[in-house]
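Q:
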Amino acid sequence: MTDKMIPKEYDHKKEKYWQDKWEDDEIHKFIDDGKKPRYIIDTPPPYPTGSIHMGHVLNWVYIDMIGRYKRLNGFDVLFPQGWDCHGLPTEVKVEQTHNIKKNQISRNGFRKLCVDLTEENIDLMRSQMQSIGFSQDWSREFITMTPEYMKRTQYSFLKMVGKDLIYQGIHPVNWCPRCQTAIAFAEVEYESNDTFLNYLRFKGLAKNKKSEDGVLIATTRPELISACVAVVVNPEDERYSDIVGEKVEVPLSGNEVQVIADDEVDPNFGTGAVMVCTFGDKTDVSWVKKHNLDTIEIIDEKGIMTEAAGKYKGMNLNECKLSIIDDLKEQGCLEKQKTVGQNVGQCWRCETPIEILVKKQWFINVNKLNTDIKEATEEINWIPEHMKSRLINWTDSMQWDWCISRQRIFATPIPVWFCKECGKIHVAIEEELPVDPTQNNPIAIDKNGNKVDYICDCGSTDFQGEEDVLDTWMDSSISPLSIAGWPEPNYKDYFPADLRPQGHDIIRTWAFYTILRSKALTGLKPFKDIEINGMVFGEDGYKMSKSRGNVIAPDEVISQYGADALRIWAANSLPGSDLPFDWKNIKQGYKFLRKFWNAFRFISLHILEDEIKDDIKLEPLDKWILSKLNKLILDVGNGFNDYNFATTINSTQKFIWHDFCDEYIEAVKYRLYNKDDKCIESKLAGKYTLKTVLDTILKLLTPITPHFTHEVYSYFFKDKIEYIQNTNWPIINEEFLSRECENEGNIAIDLISYIRRFKSSSKIPLNQSLNTVNIYTEDEQLITILNQFKNDIIGTLKIENITIKNSKPNVNQKIVKVSPVMSKIGPEFKKNVGKIVQCIETTDPEEIAKNLKENGEIDIEGNKINESCLNIEKELVGESGKKIDLLNMDSLDLILEIIR
RNA sequence: GGACCGGUGGUCUAGGGGUAUGAUACCUCCCUGACACGGAGGUGAUCACGAGUUCGAAUCUCGUCCGGUCCACCA
């Protein structure tokens, strides 16, 4: 042990010192020499917004605990950190900051501004992560906007094109008019609000009677009326049976459309007649396809009405809606308006309502991969298990292919050119990656292996580079492949990853896409375990969000209570369960560390000067705490292996605070302060035990509170730094793992706390000695046990004289109550329990006790009940001497006579 | 509308066939040679509701209500 001054109080400000030391000494580096088994973590690459939030803290504390736990268990851990850079928010931020629009400067210029902003944000977030003590190997950092990462993303595109899984096509796509790009279904979120359902009269054009009234349709989107291509009714709906097949006239536009029948129409909604517009929603798309209807492009990319809208051209959607409603009213076509609730799909990044436009886009053929995805999903170990069904459900609900092209700038370019002569698509070759086709012409490799200009089959060398870029999820969905070094041939040494930790909000995106890509590119599942963490709620019980004003920044907590306290809060939870933020829990963690620090200071006073030897004769109480310690090693290990973090931290805290500090340390103090040479052995046993417990629990706590344990551990050494992170996880010592030692110790602890309580309630100061304690019991086993613990009992309680007598004191014990022990009686007597319990409760307790004493059991209608099935409450009766207290313990069958 | 998770002392929580764990808050007492930023006690829960299975249900089954999350979506 060191002679360094140990401060009276633990200073969490020292956390920074350890973070820097770890970084300088690279103790979290992935060695990769093949000497240790590898453990690969597919760390989430967050979007570089500039600050991390409590959700990140929860997710990364889990990752970090596992990483540190695995390192202590002899694994070579790859814990990289990535950044998912591309995407709209950064573009928007750049546009705001520089007050420009993306089209006002060159693509490269705009891209450069995005890169600069992203780098700044990564720097900020990296240092915030370090301030929580996360143990990433920063030499393995990956950034999706770097050329080397983009090369992998583009290569994965090439590979999937080669497997016929990617195609370009003209399809309706979800379109964000604000971002002016296509988005995937996974990026559409639904918001509910109220709107008007408008009832519009379409004039019938046939000459028969039935069609005179035409048809009344109900729509929430009258602004699309000029794009109406049909009216649909349910084939079973008798109201419309005569008009099906007839033509009707669309109000305002005057177009003639046909009334068709389709059983997807709900006759009970609105009027049971629907106008199909291109495109109001997803059902419109399917009707257009099914009935081979026209499409009328009425909205442009910016959400402005086109030529096809006639007089409404140039208006935005809302202006158009108001104007059309006015005109409909004027013409008498609007028969009524009714408020209805609806869910509007909107862009998940900017919350603008999405439109469905028909566009030429790139798609991944999801249907070809669905079976593979589900197969891999089943092979993966989901924690918690029930999260698996979310992915299965999502996969089953896939209707459209994944649209992977975006009409933006800051993203990985799609490595494709179009021949300006013949229009043929040319996909880049591996050798020219990474490439931005808007900046470079395609190349080819000639017979001699030299790079030459690519010539189209038609002979042209004039190419138009694809301006569309890839969906950001195309970058992040290869993260486990990228960290494994794919497509290097040895990537399978690092793939599939051992662990994918992530939130449940991105199961349908990140988890789904990663599994899809991994199966498509390698045929393998991307990871073995997927741990899904819950969301962080504010103190008010709702999801933390700026709009609710319930956000607490991690920095705020760290500056007040330190990163370890924050980590304890996060660790006290389970994967899959949402976790409310709670200052009380943070403080509780902080208090725990303070308590442990004080215990450490006490221990250090006693193990400072001596060499602690191993071959020592332990006292029964030492064996008691050591048995509990070994049980703790088992529990904590199981907790980490099963991702049951709450159990881990709870059982550790309970052990340290109560078993160790409150009971063991108190009971062993007298030995440590004893100057008598005769007691040297038990003193050394105490020191050995204290040292062993301290040493072990530091290791058990290191994954959770690494700063604290490194600080404490550093006092074990004089002039050098040894990292506890570089030691080994404690091995369970089977010899000490003994239920018997624990039970016997519990008896002694019970007795000690009972007498302590007596002192306390009798207002005797705890450090004042007791003249005499006589223990009376007729239980011989109990006598043996108490004799073993005699010294510790005397010492702890400062008892001058103690006797343990196999007899009764000169008083009477009265049996006041006998009650059944259900856990014993239940399983043994099953159906007869009712009678037995009733009998016990109605019989005089003294009589039961008498029977029990005489026969060793009682007989209730043939059922033999012995003492272990009964709880016998006794009371002492009789005069106790003035200075003598007689106590009857509930939990142990003994009587105490105490002379003060 | 569908799926999943949950409803346990004032608050949060463990457990998941034998009447309940811990934390926090509150109350009482105690400065004992690591710690009053501590310790010892105490009050406080018919485990959402209803029915069923069982000798016995917080625990299993079914139904209801409430909360949360995800998904779908009606024009």
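Residue numbers (my numbering): 436 to 1335. Even glycine gets a Cβ: it sits at the ideal position worked out from N, Cα and C.
Express the C-alpha separation of N1298 and G1269 in angstroms, rounding to a whole number.
A: 12 Å
Q: Locate the beta strand (DSSP E) running through M710, then write down its first and last residues.
A: 708–712
Q: From V1253 to D1294, what distance separates their C-alpha atoms?
A: 15 Å
Q: Would you check if the region 665–672 and the region 687–701 touch, i.e. whether three or more CB-CB distances between them fall below 8 Å?
A: These segments touch.
Q: Along the chain, where does the beta strand (DSSP E) containing G604 start, and where does it finish?
A: Segment 601–611, the beta strand (DSSP E) holding G604.
Q: Please check the pair A1120 and K1052, which I expect to be a contact at CB under 8 Å, by giving their CB distance rounded to whole angstroms.
A: Yes, they are in contact, since the Cβ atoms of A1120 and K1052 sit about 6 Å apart, within 8 Å.
Q: So the beta strand (DSSP E) R784 belongs to, where does it begin and stop?
A: Careful: R784 lies outside any beta strand (DSSP E) and carries neither H nor E.
Q: Looking only at its chain, what residues have a beta carbon closer than 8 Å to the beta carbon of G490, apart from the 5 residues adjacent to it on each side?
A: G938, M970, V971, M979
Q: Express the C-alpha separation of I441 and A1034 in angstroms, rounding to a whole number.
A: Rounded to the nearest whole angstrom, the CA to CA distance from A1034 to I441 is 12 Å.
Q: In whole angstroms, what separates the C-alpha of L1336 from that of S911?
A: The structure shown has nothing for residue 1336, since the chain only spans 436 to 1335.
Q: To the nearest angstrom, how far is the alpha carbon of Y445 from that of L1028?
A: 8 Å
Q: Measure the Cβ-Cβ separation of H488 and D999 and say whether it is below 8 Å.
A: no
Q: Thinking C-alpha only, which one of D551, E742, A932, R506 is nearest E526?
A: D551
Q: State buried or exposed for R983, treating a residue as buried only when at least 16 other CB atoms are found within 10 Å of its CB.
A: Per the 10 Å Cβ criterion, exposed.
Q: Counting pairs of beta carbons, one from the region 1103–1116 and one from the region 1169–1176, are three or more of them closer than 8 Å?
A: no
Q: Who does M740 pair with in a DSSP beta bridge?
A: I734
Q: Could you tell me the distance, in whole angstroms, from the CA atom of T1131 to the CA atom of S1242?
A: 43 Å
Q: Excluding five sequence neighbours on each side, which residues of the same chain lie with their C-beta closer than 7 Å to the C-beta of G1316?
A: Residue confidence is low: G1316 scores 46 on pLDDT, short of 50, so the model does not pin down where it sits. Its coordinate-derived value is still stated next. Here the set comprises nothing.
Q: Take the Cβ of Y1373 as the centre, count every other Cβ of all protein chains shown within 10 Å, and call the residue buried at 16 or more, exposed below.
A: Here the chain has residues from 436 to 1335 only, and residue 1373 is not among them.
Q: Taking the Cβ atom as the reference point for each residue, do Q893 and C857 lie within a distance shorter than 8 Å?
A: A small correction: the amino acid at residue 893 is Cys; Gln does not occupy that position in the sequence shown. Annotated as proximal: C893 and C857, with beta-carbon spacing under 8 Å.
Q: Anyone know if the C-beta pair for N1202 and K1155 falls short of 8 Å?
A: In this structure, K1155 does not lie closer than 8 Å to N1202 by Cβ.
Q: Straight-line CA distance for S840 to I967?
A: 28 Å
Q: I need the straight-line Cα distance from E1101 to S914, nearest angstrom please.
A: Roughly 53 Å separates the two Cα atoms.
Q: Given a cut-off of 8 Å, decide if I578 and G517 are closer than it, judged by their beta-carbon atoms.
A: With respect to the 8 Å criterion, G517 and I578 are classified as neighbours on the basis of their beta carbons.
Q: According to DSSP, is T654 part of a helix, a strand, or is it coil?
A: Looking at T654 - three-state DSSP - the assignment turns out to be strand.
Q: Taking DSSP's pairing of strands, which residues face N1323 in a bridge?
A: I1330
Q: Nearest to H463 by alpha carbon, out of D1279, E691, P515, H726?
A: Considering only alpha carbons, the answer is P515.
Q: Roughly how many angstroms separate the alpha carbons of D1077 and V608, rounded to a whole number?
A: 42 Å
Q: For S562, is the classification buried or exposed, using 16 other Cβ atoms within 10 angstroms of its Cβ as the cut-off for buried?
A: exposed
Q: Over what stretch of residues does the alpha helix (DSSP H) that includes S688 continue unbroken?
A: Premise fails: S688 is in no alpha helix (DSSP H) and is neither H nor E.
Q: With a 10 Å radius around its C-beta and 16 neighbouring C-beta atoms as the bar for buried, classify P989 as buried or exposed.
A: buried
Q: Going by other Cβ atoms of all chains shown within 10 Å of its Cβ, with 16 needed for buried, is Q766 buried or exposed?
A: Exposed, since its Cβ has fewer than 16 Cβ neighbours within 10 Å.
Q: Nearest by alpha-carbon distance to V723: which of A662, I618, T581 is it?
A: A662
Q: So what does DSSP say about N802, is it helix, strand or coil?
A: coil
Q: Just confirm the distance between the C-beta atoms of C712 and L659, as a whole number of angstroms; I'd bet it's less than 8 Å.
A: Contact between C712 and L659 holds: CB atoms are separated by about 4 Å, below the 8 Å threshold.
Q: Does DSSP classify D648 as helix, strand or coil?
A: D648: helix per DSSP, three-state reduction.
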